[in-house]
Amino acid sequence: MAERKYNRNQSHVNIWRPCDPWKRSGLEAMRSSKTLLLALPFLIMLTFLLRHKPSDRFTDATPFFNNLTTPPLLEVDVLQHVDIAEDKPLGGLLADGFDEQSCLSRYQSILYRKALPYKPSPYLVSKLRKYEDLHKRCGPNTPSYNKAVEQLKSGSNVVGTTDCKYVVWVWYSGLGNRILTLASVFLYALLTERVLLVDRGNDMASLFCEPFPEKSWFLPMNFPIAKMFNSFDQKSAESYGNLLKNNMIKASMGSLPSYVYLHLAHDYDDHDKLFFCDDDQALLKRFTWLVVKTDNYFVPSLFLMPSFEDELKKLFPNKETIFHHLGRYLFHPSNHVWGIITRYYKAYLAGADERVGIQVRIFDKGPGPYQYVKDQISACTIGEKLLPAVDTRRLAVNPSKNPKVKAVLMTSLVYGYYGNMKNIYWEHPTVTGDIIGVHQPSHEEQQRSEKPLHNTKALAEMYLLSLTDVLVTSAWSTFGYVAQGLGGLKPWILYKSENQTTPNPPCQRAMSMEPCFHAPPFYDCKAKEGIDTGKVVPHVRHCEDISWGLKVVDRYTEL
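Position one of the sequence shown corresponds to residue 232 (this note's numbering), numbered consecutively onward.
Here's what the structure looks like:
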């Protein structure tokens with residue numbers, strides 16, 4: 232069957248409408264009453280959480296993403312209006328002034344999440360409103376932007392000739408990395424009062440809504456040096472590290488190059504890493520244009536810089552909420568992606584008493600699935616009491632008086648881990664009497680980050696994982712980092728196997744929901760010598776899954 236192509240102008244989104252399950256109870260006539268209209272936002276939430284009609288919990292959900300021609304449930308036109316509670320979106324995190332229908336996820340996501348205890352600080356909210364004003368004044372095609380572009384074309388950077396400064400994020404690496412790095416660069420823009428502009432690559436515009444009011448965050452297609460982005464790497468003459476090594480820039484210079492390229496990817500060298508030193512930030516502050524290519528979530532090292540310390544404390548009093556807040560501010564799935572997310576959620580997850588997410592990412596060579604990974608998943612989920620054990624000896628089951636229905640959402644590039652768990656809970660009763668349904672949206676077999684459809688499925692699955700109640704993720708995986716951050720979840724992390732054996736213990740609870748910085752610098756900028764940067768301050772520690780990595784924590788206890 233030919234794959235269906237979606238027209239974004241005719242996309243559809245499932246809306247859970249409170250009238251749907253109530254019609255059979257004769258309450259349809261009440262919808263016209265004034266009282267019910269006033270109570271409608273509350274009823275939406277109550278209905279969504281308590282009255283979903285359960286689906287067949289053992290339906291094989293795997294073809295859902297692999298065959299997008301599957302008829303969607305409760306499909307209505309994208310222009311269907313939805314009334315949302317009048318509270319400030321996400322505690323004031325999101326700005327007013329957007330067209331609701333242009334980005335349904337911005338307003339509807341609250342209906343799919345439990346109330347979370349993590350509120351943005353008033354200072355962060357104020358900072359975001361100030362940034363939005365700056366973006367409106369300096370964004371693409373404004374007089375300030377046009378003036379800065381003319382300076383860029385001139386080949387030189389004369390300090391004080393423009394009133395706006397910019398940091399350009401370059402499309403690079405897989406989707407999980409891109410989401411994390413874009414959040415990192417945006418935080419850097421907030422700290423340095425720069426305007427963030429985004430290289431759209433081949434899919435960013437189709438995956439995400441615009442996060443800022445009135446002015447786009449996308450770099451105009453005619454940006455003068457856009458064609459050079461793909462060629463930028465660690466050896467580029469324009470990189471900050473190489474400019475330093477070759478004595479091409481110094482603090483004493485009156486005129487500087489028109490831009491500087493910041494290579495902050497995994498293969499950066501010691502000169503590139505000087506980006507994380509305050510003296511070098513003073514020099515970089517003089518440039519109107521910074522261009523960044525990275526596959527690292529480098530936020531932890533910003534917390535080690537004295538020049539940013541006070542500002543970061545005010546922005547994030549709870550230090551482990553950085554990506555949680557910035558991710559929910561920046562990354563709203565487009566209407567097309569949101570339709571895929573909500574249809575799947577309502578078909579397979581909404582009716583459960585509890586939702587358990589399991590994200591499996593194996594970096595071993597070979598197709599898999601591996602038995603040692605299957606054993607590890609079972610040892611973790613059963614050992615940590617996330618899922619019940621099964622009784623393989625009893626032929627008859629005395630059903631529990633109050634059985635729970637648990638929906639397990641598995642994501643993996645391969646089918647085998649899902650198939651194994653589905654068969655276990657289908658063929659055997661649980662010792663608790665609970666009913667376990669296992670679902671996997673897709674199995675792509677291998678990562679195809681350059682394919683827009685692959686990334687559409689990946690974003691939908693990350694978001695679905697973030698809607699679960701408990702989460703198990705795989706070591707080293709940025710896919711899991713995104714899900715845990717958006718969902719405000721501290722996951723159980725499946726340790727990376729050595730020699731293809733099941734680790735003991737199989738998993739560990741994360742000390743923070745923050746992502747891990749995989750390739751941090753180990754350098755004391757003042758002493759100009761090597762140092763263990765995971766032992767400098769109590770709120771920046773080494774990661775559970777990568778011993779040399781760094782992550783931000785709010786409260787630290789020894790592992």
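For glycine and all other residues, C-beta sits at the position ideal for the given N, C-alpha and C. These figures come from a predicted structure and were not determined experimentally.
What are the boundary residues of the beta strand (DSSP E) that includes residue i?
i	result
H494	491-494
M641	636-642
V380	Premise fails: V380 lies in the alpha helix (DSSP H), 374-385, not in any beta strand (DSSP E).
K446	Careful: K446 lies outside any beta strand (DSSP E) and carries neither H nor E.
W657	Premise fails: W657 lies in the alpha helix (DSSP H), 647-658, not in any beta strand (DSSP E).
I341	No beta strand (DSSP E) holds I341; DSSP gives it neither H nor E.
Q731	Counting along the chain, Q731 falls outside any beta strand (DSSP E), and DSSP gives it neither H nor E.
T661	Looking at the DSSP string, T661 is not in any beta strand (DSSP E), and its letter there is neither H nor E.
V703	701-705
C818	Since the first residue of the chain shown is 232 and the last is 790, residue 818 is not available in this structure.
L321	It is not in any beta strand (DSSP E) - L321 carries neither H nor E in the DSSP assignment.
Between the Cα of residue i and those of the options, spot the shortest distance and give me the residue it belongs to.
i	options	result
Y649	N408, V636, D606	D606
Q512	G472, Y528, D498, N549	G472
E692	L438, R431, E729	L438
G432	P451, W402, S708	W402
M641	K782, C756, K524, T704	T704
V587	M652, N549, R574, E551	M652
T733	C611, G370, Y376	C611
I341	I777, L717, S631	L717
D434	C738, N686, N735	N686
T747	I553, T623, D464	Sequence check: residue 747 is Cys here, not Thr. Closest option to C747, Cα to Cα, is I553.
S673	G597, D755, L695, I655	L695
P371	P737, V429, L535, D464	V429
I724	A741, V713, T573	A741
H555	L475, K632, L493, L355	L355
S483	Y646, K466, H497, L514	L514
P353	P444, R409, Y499, P548	P548
S643	A689, L698, D755	A689
I456	R368, T392, E381, E424	E381
P531	L505, A750, A436, I410	A750
K727	Y349, P374, F594	F594
D526	L495, V639, I777	L495
M479	S387, V522, L325	S387
A420	R344, K504, P320, L543	L543
K637	V701, E658, Y575	V701
I410	F562, K616, V639	F562
By a C-beta neighbour count over all protein chains shown, 10 Å radius and 16 as the cutoff for buried, is residue i buried or exposed?
i	result
Q339	buried
T290	Only weak support is given to the placement of T290: the predicted model assigns it a pLDDT of 38, under 50, and the value that follows is read from those uncertain coordinates. So T290 ends up on the exposed side.
H770	buried
T764	buried
K782	buried
M452	exposed
S486	exposed
P285	The pLDDT assigned to P285 is 37, lower than 50, so where the model puts this residue is not dependable, and the model offers no usable value.
D364	exposed
R255	Interpretation of R255 is limited by its pLDDT of 35, a score under 50 that renders its predicted location unreliable; the figure taken from the coordinates is listed afterwards. The residue in question, R255, is exposed, as its Cβ has fewer than 16 Cβ neighbours within 10 Å.
Q671	buried
A468	exposed
G597	exposed
D509	exposed
V591	buried
R786	exposed
E729	exposed
N377	exposed
Quick test of your reading: residue i and residue j, contact by CB under 8 Å. State the CB separation rounded to the nearest angstrom.
i	j	result
L323	F710	It should be pointed out that residue 323 corresponds to Gly in this sequence rather than to Leu. Not a contact, Cβ separation roughly 29 Å.
W569	L383	Not really, about 36 Å apart at Cβ, beyond 8 Å.
P442	Y603	Not really, about 42 Å apart at Cβ, beyond 8 Å.
S462	S385	That pair is no contact at about 22 Å.
L535	L418	Contact flag wrong, Cβ pair sits at about 14 Å.
V645	G599	5 Å
Y528	S404	Incorrect: roughly 11 Å between the Cβ atoms, too far for contact.
V621	V662	7 Å
L422	V398	With a Cβ gap of about 10 Å, L422 and V398 do not count as contacting.
G664	P634	5 Å
Which residue comes first and which comes last in the alpha helix (DSSP H) that contains residue i?
i	result
E331	Looking at the DSSP string, E331 is not in any alpha helix (DSSP H), and its letter there is neither H nor E.
A667	Note that residue 667 is Ile in the sequence shown here, rather than Ala. Looking at the DSSP string, I667 is not in any alpha helix (DSSP H); the run it does join, the beta strand (DSSP E), is 666-670.
T709	709-718
S697	683-697
C369	353-369
L557	553-561
- Task: Please list the segments of the beta strand (DSSP E) lying wholly inside the stretch 399-486, counting only runs of 3 or more residues, in order along the chain.
- Result: The stretch 399-486 contains these whole beta strand (DSSP E) runs: 426-429.
- Query: What are the start and end residues of each continuous alpha helix (DSSP H) run of 4 or more residues lying completely inside the stretch 565-621, in chain order?
  - Reply: Runs found: 566-575, 602-614.
- Pick out the complete beta strand (DSSP E) segments inside the stretch 488-548, 3 residues or longer, and give them in chain order. With a minimum length of 3 residues, the continuous beta strand (DSSP E) runs that stay inside the stretch 488-548 are 491-494, 520-524.
- Item | Segments of 3+ residues assigned as beta strand (DSSP E) that fall wholly inside the stretch 743-780 | Listed in chain order, the complete beta strand (DSSP E) runs (minimum 3 residues) inside the stretch 743-780 are 771-773.
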